[in-house]
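Residue numbers (the UniProt record's numbering): 1 to 156.
Glycine included, every Cβ here is placed at the ideal spot set by N, Cα and C.
Reading through the structure tokens given below for one structure.
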Ligand SMILES: N[C@@H](CCC(=O)N[C@@H](CS)C(=O)NCC(=O)O)C(=O)O
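As structure tokens, this is what we get:
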């Protein structure tokens with residue numbers, strides 16, 4: 001799914017980026033990412049007001065699916081807002097966006113996209129440069145093999 005360039009720019013140093021994401025007091029580790037929820041937003045909270053033209057990701061700090069989409073946002077240098085959700089006590093407005101109540105969810109200008117693989121494909125089509133997949137079939141296969149291996153490590 002991700003090109004070699006992706007790994008060299010982003011995933012060759014996954015520990016740095018992921019460790020920053022996981023350990024920093026604020027979960028945002030990039031100037032591209034505006035964290036609207038230093039504390040996870042749960043039941044009874046209000047959804048932070050949306051900004052026209054700005055991509056938003058609903059996430060959870062330790063969610064590997066959300067981290068994949070956050071890595072794509074970083075790779076493509078897309079400025080975005082981060083809203084962390086308390087998944088134990090989900091706010092009502094999360095299920096209004098995705099009835100299953102899972103993260104990640106992307107939202108921009110009234111358009112809502114959920115499921116990490118769908119989110120990543122959507123971002124790749126909305127922001128074509130740099131592309132996530134190489135056009136060469138063998139390179140693409142190599143990247144998918146690496147991605148499969150990495151997924152097992154991340155999701156076990
Ligand atoms: N198939 C989904 C899985 C997402 C998922 O399972 N997210 C977890 C957090 S890592 C979640 O939202 N869990 C809340 C729940 O199960 O209620 C995807 O790829 O986006």
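- Membership of residue 59 in any alpha helix (DSSP H) is not indicated; the residue belongs instead to the beta strand (DSSP E) covering 55-59.
- At least one heavy atom of ligand 1 sits closer than 7 Å to the Cβ of residue 116.
- For residue 153, the Cβ stays outside the 7 Å cut-off from all heavy atoms of ligand 1.
- In the displayed model, residue 46 falls within coil according to three-state DSSP, outside both helix and strand.
- The C-beta of residue 80 has 16 or more other C-beta atoms within 10 Å across all chains shown, which makes the residue buried.
- Between the segment 52-61 and the segment 81-96, the count of C-beta pairs closer than 8 Å reaches three or more; the two stretches touch.
- Secondary structure remark: continuous alpha helix (DSSP H) runs of at least 4 residues inside the segment 72-116, in chain order: 92-97.
- Assigned with DSSP and collapsed to three states, residue 139 falls in helix.
- Linking residue 43 to residue 92 through their CA atoms gives a straight-line distance of about 7 Å.
- Relative to the Cα of residue 33, the nearest Cα in the group 139, 65 and 71 belongs to 71.
- When secondary structure is reduced to three states using DSSP, residue 131 falls in the coil class, being assigned neither helix nor strand.
- Distances from the alpha-carbon of residue 77 to those of 110, 55 and 149 put 55 closest.
- Straight-line measurement puts the Cα of residue 152 at about 29 Å from the Cα of residue 41.
- Taking each of 64, 67 and 89 in turn and checking the Cα distance to residue 39, the smallest one comes out for 89.
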